[in-house]
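In order, the protein sequences belong to chains F and L.
At position 281 of the first sequence the residue is numbered 288 (the numbering used here), and the sequence of numbers has no breaks.
At position 90 of the second sequence the residue is numbered 99 (the numbering used here), and the sequence of numbers has no breaks.
Cβ atoms here follow ideal geometry from the backbone N, Cα and C, with glycine treated the same way.
Small disclaimer: the values here were computed from a predicted structure and weren't measured.
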Amino acid sequence: MNGLRTHEKWLIFLVVTAVILAMSAGAEAKEWKKVRIATEGAYSPWNLTDASGKLTGYEIDLGNDLCRRMNVECEWIAQDWAGLFPGLNAGKFDLVMASVGVTEKRKEALSFSDFYAYQSSKFAVLKSSSLAKSVSDSNAIMDLENMNPESQKTLNELKKALSGKAIGVQTATNQYRFLETHFKDVVEIRNYKTAEQTDLDLVAGRIDALIVSTTYLKPLMATEKGKDLALIGPFFRGGPFPMGNSAAFRKDQDTELVQMFNAALDGAIKDGTVSKLSLKWFKYDVMENPKP
Amino acid sequence: MATFMTIAIATCAFFLGLILGSLGAASKLSRSPILRLAGQVYTTIFRGVPDLLIIYLFYFGSSGMIMYIAGAFGYTGYVEVNAFLTGMAAVGIISGAYSTEVFRGAVLVLPKGEIEAAKAIGMRPWLVFRRIMAPQILRLALPGLGNVWVSSLKETALISVTGLVEIMRQSTICAGSTKEPLLFYSIAAGLYLFLVSFSIRGFHWAEALTSRGFRRN
């Protein structure tokens, strides 16, 4: 070390100390007292901002309830969707509750809690249309991941019934990928920029049916705008569709926090809090209808 | 509120850009090759990298870096980086790179004879700058600076990714919460248009003020 100047020796000393300190700090488990939850605040009814600027919605109510159960203080941070996951990984918040659908691809980059809503998609038509009479509404779940002969038969019947019809779908969504895979050669697929435009055109008679997530459809059908809609066919799940929605965490880092969150969520599901909140915001039970 | 936030960021960033721009132009025009290289690197990087990427790097990168350094010293807590400051710095540094070129262009068209004349009558460099160069640079740079201002104003929309509530973020929130996207994005567009046209008037007025005594060709 003779060739080094004094300040260089100091630098080496500092770096070595810092490394030792960092290693010892990493060894002790972090105690969670305060949890920062990020959301978009612009995706009704999951999370939205009311006229007074306050965050509200299904995920906000649920998150606050879970924080009480975990005995931690929660801080909500509203972030643009594009900033949610970079911010999570940069440590700006500890978890994200923003209607994040769990897919295999996302599992490679994030850790997820248990589901707090199950996702499925369904075709909707006008109550007065012939399709509403010819295809019945069913509570069966068609799992596109594991197709059996029976579900294949149902799918073929549906194809036949919808053959030649115009079907509206929001562009670049899982529903669009589903139509592309299974219905491309028999129906006319019409792309829309938003889900609202799809249901406006269904009511206007420009399309015969639409396919969208039930978390969008059910609240809509409870309003004046959606009162003429009827559901047909089974619930679709698996394949291109995410199984459900969960809170997202940094990949494999805060395992205790994920465990705490899951334990609290389990309690909230068992005592009916989740169902209650779901009825309030979605007008149906996202944990029951349909269960996996 | 959101409109004020947009104006605040744009104004702070623009003035930061003016300072950086003058420094940048001074170093690009200086005799020292190191300063010239530094100026060159600055304008090349910040005019060459997409603005959104710079904002991402500043906002998410800076807190990651600070936490990494803090973590190395045994501090595992969270270090908050102010969204306003980082957003303002990002837009300011980008606008500084453009202002550099505007100022440099203005300096290059100054008539050499006037500066030589000023030196010949014994003015010191600072006096030459203050009396001969600065007033003319201001006049020549104003139209270009107007452009830089307008683009900074619109760049603030990109800061919405940091969660700072300016016009763009506010309209996303309103659009998603009310399911009336067209209405709220139209309002946002109108607001930007209003701010831009309003401030362009200001620049025209300033241009008229500084070019008194010059005939327009």
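Report, in whole angstroms, the separation of the C-beta atoms of F300 of chain F and F243 of chain F, which I expect to be a contact under 8 angstroms.
Outside the shown range of chain F (8 to 299) lies residue 300 of chain F, about which nothing can therefore be said.
Extent of the continuous alpha helix (DSSP H) to which V71 of chain F belongs:
A small fix is needed here, since residue 71 of chain F is Asn in this sequence, not Val. From DSSP, the alpha helix (DSSP H) with N71 of chain F extends over Y65 to M77.
Taking C-alpha atoms, which residue in F:E195, F:A89 and F:L264 lies nearest to C74 of chain F?
F:L264
DSSP puts E80 of chain F in a beta bridge; with which residues?
F:K41
Per DSSP, K129 of chain F forms a beta bridge with which residues?
F:V219
Below-9 angstroms beta-carbon distance, T171 of chain L vs any chain F residue:
yes
CB contact below 9 angstroms: Q86 of chain F versus chain L
yes
Give the single residue among L:A184, L:V205, L:S161 and L:S104 whose Cα lies nearest to the Cα of A34 of chain L.
L:S104
Of the residues F:F122, F:E47 and F:S128, the one placed nearest F100 of chain F, counting alpha carbons only:
F:E47
Restricting to Cα atoms, I'd like to know which of L:A99, L:I182 and L:G131 is closest to L29 of chain L.
L:A99
In the DSSP assignment, what residue or residues form a beta bridge with Q177 of chain F?
F:Y199
Determine the direct distance from the alpha carbon of A124 of chain F to that of G73 of chain L, and round the result to whole angstroms.
32 angstroms
I'd like the span of the alpha helix (DSSP H) that includes I130 of chain L, first residue to last.
Counting along the chain, I130 of chain L falls outside any alpha helix (DSSP H), and DSSP gives it neither H nor E.
Cβ closer than 8 angstroms: which chain B residues qualify as neighbours of G175 of chain F?
Among the protein chains in the structure shown, which are F and L, there is no chain B.
Going by other Cβ atoms of all chains shown within 10 Å of its Cβ, with 16 needed for buried, is G222 of chain L buried or exposed?
exposed
Under 9 angstroms between C-beta atoms, does V58 of chain L make it to chain F?
no
Per DSSP, which residues does D144 of chain F bridge with? Please list them.
F:G240
Got a sec: is the Cβ-Cβ distance from K290 of chain F to anything in chain L below 9 angstroms?
no
In angstroms, rounded to a whole number, what distance separates the CA positions of G122 of chain L and G153 of chain L?
24 angstroms
Would you mind reading off the limits of the beta strand (DSSP E) that contains R213 of chain F?
Unbroken run through R213 of chain F: none, as it is neither H nor E.
Could you check what DSSP says for Y183 of chain F in three-state terms: helix, strand or coil?
helix
Residues that S51 of chain F contacts on chain L, provided the C-beta gap is smaller than 8 angstroms:
G185, S186, T187 and K188
Alpha-carbon spacing of M267 of chain F relative to A275 of chain F, whole angstroms
12 angstroms
Under DSSP, the beta strand (DSSP E) around R257 of chain F begins and ends at which residues?
G251 to R257
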